[in-house]
Amino acid sequence: MNLIDYPKWPSLARESILNVPMDLRSIRLSIDGKVIDYGAEIDSVVITGMGGSGVVGDLLSDLCWFWDCRVPIIVSKNMRLPRRLSRPLVIAISYSGNTAETIMSANEALSRGYPVVGITTGGKLSTVLSGKGVPVVLIPKASAPRYGLPALLYPALIILERFGIASVTNELESGIAGIENALRHVDDAVNLAKQLVGSIPVVWVTESRRGVGIRFKNDLNENAKYYSVVSVVPEGAHNDIAAVTTKQVGLRHVAIMGPNDYEGLYEEVLIDVISSFGAKPIIVKLEGKTPLETEMYGVTYLGITTLALAELLGVEPVSTEPIDRLKNLLSERRVFPV
Ligand code: F6R
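In terms of my numbering, the sequence shown opens at residue -6 and continues consecutively.
Put into structure tokens, the structure is as follows:
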């Protein structure tokens, strides 16, 4: 089976962090008369980015359920930043550097006087930010944005560390161990993929694994060209679950279970209820001794599952033509002023 860039993920993770500037906190910029002091106190972190880049924000939010993150992480997937931010650090992530929504929100952050750090392989984001003296972490390339995930996530982790938001250095290698563990489970991933053929997957996750669920859905969309639904509990246990009595055909429930006690107990009850209505949920148990190891295991294992599914369906996994077409039309019609 062609694993595309997955076997390179451990080295992508390690290489990508080498380019994070050491002296981030001593940067002071003056942009359009506004002084931006990277050493000043911050009270939130906004992660702005779309798709395979934006999912880094979801994964960091997951991790902050387990880590003692000093400030909230706000995930922003839009051309505008949320209003009423007080003293945020903005991390603008775009693999290509050419995603209009991300460039616009990075520009908006600077115009509001917020410190911004870019993570990209280059493109306009790099040119625009570097031109203003804003720090940019240049990362190694992959076959498509989503296959470069560790190179997008690992620098973001180091940035959190440098800004004193979370201590991550002790866990970085465990994340890589999670990737390597998943790479040893390719046969299991193929078996999971076989069970998804011909279905619409309904993916159940707890809030603290939301990022893993979203990433699985995105990989199903982009690699296997498959629709799927993510239901996040507890909330999903108060609405989505009612649809288990549906007459709609072809749904396949997949419950992703983390090793944490509370999550496990909640999901056990959920699975009991779903099963009592005749559905037979597939249970995917995430493995890992640390939060980062578990997340990396999950995204790698489920990503490989979607590649296996693409192969079973005879679908070409890498290209995402509708996304490219939409981006081209947006730029032709000048929907975004970038
Ligand atoms: C994933 C993918 C998309 C992009 C998204 C944003 O492989 O192709 O989800 O990640 O369109 O583009 P970038 O990541 O270049 O900012």
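Note that the Cβ used here is the ideal one computed from N, Cα and C, for glycine as well. Please read all numbers here as calculations on a predicted model, not as lab measurements.
Assigned with DSSP and collapsed to three states, residue 244 falls in strand. Residue 193 and residue 295 have their C-alpha atoms some 15 Å from each other. In this structure, DSSP gives residue 30 an extended state, which the three-state scheme calls strand.
The residue from 195, 142, 266 and 230 with its alpha-carbon nearest to that of residue 241 is 195. Taking C-beta atoms under 8 Å as the contact rule, residue 83 and residue 28 fail to qualify, at a distance of about 16 Å. DSSP places residue 229 in the helix class (H, G or I) of the three-state scheme. When secondary structure is reduced to three states using DSSP, residue 306 falls in the helix class. If the five residues before and after residue 99 are omitted, its C-beta is found closer than 6 Å to the C-beta atoms of 85 and 109, all from its own chain and listed in chain order.
The region 107 to 127 makes contact with the region 18 to 33; the number of CB pairs closer than 8 Å reaches 3 or more. Separation of the CB atoms of residue 45 and residue 88 is rounded to 6 Å, and the pair is thereby assigned contact status at 8 Å. The alpha helix (DSSP H) runs lying completely inside the region 48 to 123 and spanning 4 residues or more are 93 to 104, given in chain order.
With a cutoff of 8 Å on beta-carbon distance, residue 147 and residue 165 are scored as near each other. Between residue 155 and residue 17 the beta-carbon gap is near 5 Å, inside 8 Å, which marks them as a contact. Of the candidates 15, 180, 153 and 8, the residue whose Cα lies closest to the Cα of residue 65 is 153. Rounded to the nearest angstrom, the gap between the Cα atoms of residue 178 and residue 306 is 20 Å. Residue state for residue 14 is assigned as coil, using DSSP reduced to three classes.
Under the 8 Å Cβ criterion, the region 52 to 72 counts as touching the region 195 to 209, having at least three qualifying pairs. In this structure, residue 312 has its beta carbon at no less than 7 Å from each heavy atom of ligand 1.
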